[in-house]
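Engineer: When we follow the working numbering, the leftmost residue of the sequence shown carries the number 3, and every step to the right adds one.
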Amino acid sequence: MKTLIAYDTKYGTTTTIARWLCEAIAGDCVIAKVADVTSLDYDLIVVGAPIYTDEPLSSVTQFLHDHREALSRKNVALFFVYDKLLTTKSETYVEELREYAPPRVLAVGIFGGYFDINVLTEHDRYTMEDFFRRLGKRYDVVDSRNKDEVVRFGTLLRDTIG
Ligand SMILES: Cc1cc2nc3c(=O)[nH]c(=O)nc-3n(C[C@H](O)[C@H](O)[C@H](O)COP(=O)(O)O)c2cc1C
Numbered sequence: 003m004k005t006l007i008a009y010d011t012k013y014g015t016t017t018t019i020a021r022w023l024c025e026a027i028a029g030d031c032v033i034a035k036v037a038d039v040t041s042l043d044y045d046l047i048v049v050g051a052p053i054y055t056d057e058p059l060s061s062v063t064q065f066l067h068d069h070r071e072a073l074s075r076k077n078v079a080l081f082f083v084y085d086k087l088l089t090t091k092s093e094t095y096v097e098e099l100r101e102y103a104p105p106r107v108l109a110v111g112i113f114g115g116y117f118d119i120n121v122l123t124e125h126d127r128y129t130m131e132d133f134f135r136r137l138g139k140r141y142d143v144v145d146s147r148n149k150d151e152v153v154r155f156g157t158l159l160r161d162t163i164g
């Protein structure tokens, strides 16, 4: 089975999740940032985005929008990476991602991410600090990644298509 995992990232967490997914799906699995995707000739295409200020990264929603017709003839799954501690909006994120996706999506994976406030750009650090101020909380590093959840999703996809 030929699988493409198309995604984007700002700080690398979604790359890690994409690698874990590929391991679980196994077979002939290729990982590529959406900007580098040159072909959609795959049995399964999994499209993934991290969430920033309540939106999936726009490069990924643009990719879904640009390839909507071609993707509607494919087996497509979606996933997003977000911060479980910072939000209760995961259901909204599913809807937002589906809005851009082709009508028939096999499954949507929801995965906890990671951030370290010390490596963010000045703009992103300001956004986070402002967010924390409003919550009355403060975190330096939040790690909600869970490889088992990612592997379970990958295995489900492999068993569904393969
Ligand atoms: C500036 C900034 C804004 C974020 N906004 C949200 C948000 O609105 N909702 C959420 O659930 N997670 C939010 N996150 C958490 C990210 O989705 C999480 O850190 C993710 O792992 C980032 O993935 P990446 O390293 O692949 O870019 C935010 C993180 C940063 C740094």
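Beta carbons: idealized from backbone N, C-alpha and C, even for Gly.
Does Asp85 pass the burial test, meaning 16 or more other C-beta atoms within 10 Å, or should it be called exposed?
Structural biologist: Reading the sequence shown from its first residue, position 83 is the one you call residue 85. It is buried - the Cβ of Asp85 has at least 16 other Cβ atoms within 10 Å.
Engineer: Given Phe51, which residues of its chain have a CB within under 6 Å of its CB, disregarding the five upstream and five downstream residues?
Structural biologist: Within the sequence shown, the letter at position 49 stands for residue 51. In the sequence as presented, Phe is not what sits at residue 51; that position holds Ala. Pro58, Leu59, Val62, Phe82.
Engineer: Could you give the uninterrupted runs of the beta strand (DSSP E) lying entirely in the region 44 to 105, keeping only those of 3 residues or more?
Structural biologist: Correct list: 46 to 54, 78 to 84.
Engineer: Should Val143 be labelled buried (16 or more other beta-carbon atoms within 10 Å of its own) or exposed?
Structural biologist: As a position in the sequence shown, residue 143 is number 141, starting the count at 1. Label assigned to Val143: exposed.
Engineer: Helix, strand or coil, according to DSSP, for Ala37 in the structure here?
Structural biologist: The residue given as residue 37 occupies position 35 in the sequence shown. In this structure, Ala37 counts as helix in the three-state DSSP scheme.
Engineer: Would you please state the rounded distance, in angstroms, between the beta carbons of Val152 and Ala26? I believe it to be under 8 Å.
Structural biologist: Along the sequence shown, read from residue 1 onward, the residue named residue 152 stands at position 150. Along the sequence shown, read from residue 1 onward, the residue named residue 26 stands at position 24. Going by Cβ atoms, the distance from Val152 to Ala26 rounds to 7 Å, so yes, they are a contact pair.
Engineer: Measuring CB to CB, does Phe134 end up less than 8 Å from Arg127?
Structural biologist: Translated into positions along the sequence shown, residue 134 becomes position 132. Translated into positions along the sequence shown, residue 127 becomes position 125. Their beta carbons are not under 8 Å apart, which means Phe134 does not touch Arg127 by this criterion.
Engineer: Any residues whose CB sits closer than 6 Å to a heavy atom of ligand 1? List them in chain order?
Structural biologist: Here the list is Thr11, Lys12, Tyr13, Gly14, Thr15, Thr16, Pro52, Ile53, Tyr54, Thr55, Asp56, Val83, Tyr84, Asp85, Leu88, Thr89, Gly115, Tyr116, Phe117, Leu122, Asp126, Thr129, Met130.
Engineer: Buried or exposed: where does Pro105 fall if 16 or more other Cβ atoms within 10 Å of its Cβ makes it buried?
Structural biologist: Counting from 1 along the sequence shown, the entry for residue 105 is found at position 103. With fewer than 16 other Cβ atoms within 10 Å, it is exposed.
Engineer: Any idea if Thr94 is buried or exposed, counting beta-carbon neighbours within 10 angstroms, 16 or more meaning buried?
Structural biologist: Counting from one through the sequence shown, the residue named residue 94 turns up at place 92. Thr94 should be labelled exposed.
Engineer: Quick one: residues in its chain with C-beta nearer than 6 Å to the C-beta of Leu6, no 5 flanking neighbours on either side, listed in chain order?
Structural biologist: For this step, residue 6 is matched to residue 4 along the sequence shown. These residues qualify, in order along the chain: Val32, Tyr44, Ile47.
Engineer: Residues bridged to Gly111 by DSSP?
Structural biologist: Translated into the one-based positions of the sequence shown, residue 111 becomes position 109. In the DSSP output, where bridge partners are listed per residue, Gly111 has Phe81.
Engineer: Shortest alpha-carbon distance to Ala109 belongs to which of Thr15, Leu99, Ala79?
Structural biologist: In the sequence shown, counting from the first residue as 1, residue 109 sits at position 107. For Ala109, the nearest C-alpha among the options comes from Ala79.
Engineer: Exposed or buried, Ala37, counting other C-beta atoms within 10 Å across all chains shown (16 or more means buried)?
Structural biologist: Looking up residue 37 in the sequence shown gives position 35. Exposed: under 16 other Cβ atoms inside 10 Å.
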